[in-house]
Amino acid sequence: MTVTSDKIPAPRTQQSGGIMKVLKSPTFARLLFPVAVIAFWYAGVGVIKAIWPFAVDVLPLPQEVVGAMWNEIIDPFVDGNQAPTRDNLYITFAISLFRLISGFLIAMVLGTIIGLGMGLSKAVDAFFHDWVMAILAMPALGWALFISLVFGFGNLGPILAVILTGIPFVIVNVREGVRNTPRELFDMARAFGVKRNRTTRHVLVPAMMPFFFAAIRYAFSIGWKGLVITEVFGGQDGAGWTLKFYYDAHRAHGVVGYAAFFIIFALLLERFVFERWSQRVFKWRPQAGGVETVEQAFDVAGTSGAMASATFVTGADVEDFEDENN
Amino acid sequence: MADIKVEHLHKEFGLGDDKVVALEDVNLEISGHVFVSIVGPSGCGKSTLLNIMSQIETPTSGVVSITQDNREALRGYVFQAARLLPWRTVFDNLLFVQEDQSDEAVRERCQRYLDMVQLGDKTEKFPGELSGGMQQRVGIARAFSVEPDVLFMDEPFSHLDAITARTLRAELHEMWKATGKTIVFVTHDVGEAVELSNRIVVFSKGGKLEDDITIDLPFPRDPANEKVAIAKAAVLRKFEELDLVAT
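Residue numbers (the numbering used here), protein chains in the order written: chain A, 1 to 326; chain B, 1001 to 1247.
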């Protein structure tokens, strides 16, 4: 038996190129998603129209939603205000953003302090643990109703809703961050006699950053939901209240359109704030883009698997080899 | 010259039935420009001894004093894994352990030691961009860069491939010769200990200091050299006598 190189299959990664490369690219996937959503939307409305005709009046098509959104965008700039009974889009979002950012900042500061305390001290952890879990278990709707009853209209209720819905995620993430800081790096700092405040700044804080980023993202998105729900029930202005306004008016395209503003806002925030900030903070990571790394790892695994099977030899192979060479 | 005195050192972990004795009544003196290796099987307490000497851990009882000209000696440490801060560049990892980071002389010193370990052109790289051998070189440069009186090294080459480990051993020997430091080196590799050390201290399981062997051979020591091979065989025979060879 002779082992030759032509028995070893070429690595899979060498074969995939051209169209497959485009199809597997993240840019293509990103562009494909909205196209798929719109296609599914049209198809969905078509199917429902066929089986349930009277639902058509409340099921808006994409162009109707875009039209409602466009009206909201241009509303303050056209003669004869179309919505004199309520604030325009910009004022509405300014009101809600003020509440969101105020609540978010308070949740971050308080949550970080409590989370640090829980991560560093077992006694503090025991004191807060059950209460954090209780607040975490409370649905945003529960907070919204309770806060609306207690505080009525105004800024205080919605801000409190953002704090209460967001803070448990901050606490839990910061606590886990502290617990997951690598002990061996602290030992290293101690072995070199590095002062405590420098160790805190250059070891503890950077090691916690992935958890801190998770806390920021959760607190912002969950807080945003808590805010909107509270504005629906206990608001007289803001994004949630406007959503309710469209609901009461039985205008589905307005509801969907206004919800789409939230989504666009969240996507822009993720893309232009969180993602860029994260890239800057984690520039030390050897390779960003975990999905790509895993995919490559699968390719390599496939290749090495093939290699392994090609080089697998039995006792009989060895005897053949010895016979041929004697 | 640095003086290390270990007197009646005892260390236990756990309580009651879970109690494990890591070090038992250890007495040891190390003085001057020497390279001392501590060898023994896994779990013999050699890393614990190093951690107590470098103040990472505290002893259950006993005293460790490490002085240089009647003051407390400066310590440096090279770990088994490099233990670099992944979010700081190579140069900033060295700066992190310096007393005065803004001092230009300190920065020049850091650069000099990075040059010595042949990483002078990698100062702005992050540890994740370096190979395991390069990371360990940074760890060695970091330890030397604080200009310690005593340098502790805990199996620093055990994670590396044989060729890289051999190159780094040669570099370490040159740095030890050039800087005149006292080095305490933990290893389970008897060959490595014989190649590098003036003295080899043998520990057995249960943390007992069993023997203190002087290796009086000229440097550099080629493992293929007859006298070096004989010295290694002699230390291994001591291991057999003490029943320390892993089965």
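Heads up, the beta-carbon is just placed ideally off N, CA and C, and yes, glycines get one too. Being a predicted model, the structure only gives us computed values, none of them experimental.
In the displayed model, A/T112 falls within a helix according to three-state DSSP. Within chain A, no C-beta atom comes nearer than 8 Å to that of B/S1047; the closest sits roughly 11 Å away.
In the three-state scheme derived from DSSP, where H, G and I count as helix and E and B as strand, B/D1212 is classed as strand.
DSSP, read as helix, strand or coil, puts A/H202 in helix. As the crow flies, the alpha-carbon of B/D1121 is around 27 Å from that of B/D1154.
Within the DSSP secondary-structure output, B/E1072 pairs in a beta bridge with B/T1067. Flagged as an interface residue toward chain B: A/D187, by a C-beta distance shorter than 7 Å. Residue state for B/L1160 is assigned as coil, using DSSP reduced to three classes. In the three-state scheme derived from DSSP, where H, G and I count as helix and E and B as strand, B/D1092 is classed as helix.
Around A/E176, the same chain offers F211 as residues with beta carbons nearer than 7 Å, after the five sequence neighbours per side are excluded.
Of the candidates B/V1036, B/D1149, B/R1142, the residue whose Cα lies closest to the Cα of B/T1179 is B/D1149. Only residues of its own chain outside the window of five on either side were considered, and among them G1076, A1143, K1181, I1183 have a CB closer than 6 Å to the CB of B/L1151, listed in chain order. B/V1020 is a Cβ neighbour of B/F1013, given a cutoff of 7 Å.
Burial state of A/W143 is buried, judged by a 10 Å Cβ sphere holding 16 or more other Cβ atoms.
Look at A/R280: its C-beta is not under 7 Å from any C-beta on chain B. For the segment 1085-1097 of chain B, the set of residues with a beta-carbon nearer than 9 Å to any beta-carbon of chain A comprises L1085, P1086, W1087, R1088, T1089, D1092, F1096, V1097, in chain order. In terms of Cβ geometry, B/V1090 and B/V1138 form a close pair [threshold 7 Å].
Interface with chain A (7 Å Cβ-Cβ cutoff): B/R1071 is excluded. With contacts defined by Cβ atoms closer than 7 Å, B/F1203 and B/K1046 form a contacting pair. For B/I1056, the chain A residues whose Cβ falls inside 9 Å of its Cβ are D187, M188, R190, A191, in order along the chain. Chain A places a beta carbon closer than 7 Å to that of B/R1083, counting this residue as a contact. The distance from the Cβ of A/V170 to that of A/A123 is about 20 Å, inconsistent with a contact at the 8 Å cut-off. Here the alpha carbons of B/L1050 and B/K1227 stand approximately 29 Å from one another.
Annotation for A/V66: no residue places its beta carbon closer than 7 Å to its own, counting only its chain and skipping 5 residues before and after. Around B/E1057, the same chain offers N1051 as residues with beta carbons nearer than 6 Å, after the five sequence neighbours per side are excluded. Residue-level contact check: B/F1185 does not touch chain A, since none of the beta carbons of chain A fall below 7 Å from its beta carbon. Between B/V1039 and B/I1030, the beta carbon gap of about 15 Å keeps them out of contact (Cβ cut-off 8 Å). For A/I19, the enclosing alpha helix (DSSP H) has its first and last residue at 19-23. Annotated three-state conformation of B/L1009 is strand, per DSSP. Within the segment 134-173 of chain A, the runs of alpha helix (DSSP H) that reach at least 4 residues and sit entirely inside it are, in chain order, 140-151. For B/S1037, the enclosing beta strand (DSSP E) has its first and last residue at 1035-1039.
With a threshold of 7 Å between beta carbons, A/P206 makes contact with chain B. Closest option to A/V228, judged by alpha-carbon separation, among A/A252, A/F192, A/G157: A/G157. Using a C-beta cut-off of 8 Å, the segment 180-198 of chain A makes no contact with the segment 228-244 of chain A, since fewer than three inter-stretch Cβ pairs fall below that distance. With respect to B/R1083, A/E184 sits close: the two C-beta atoms are nearer than 7 Å.
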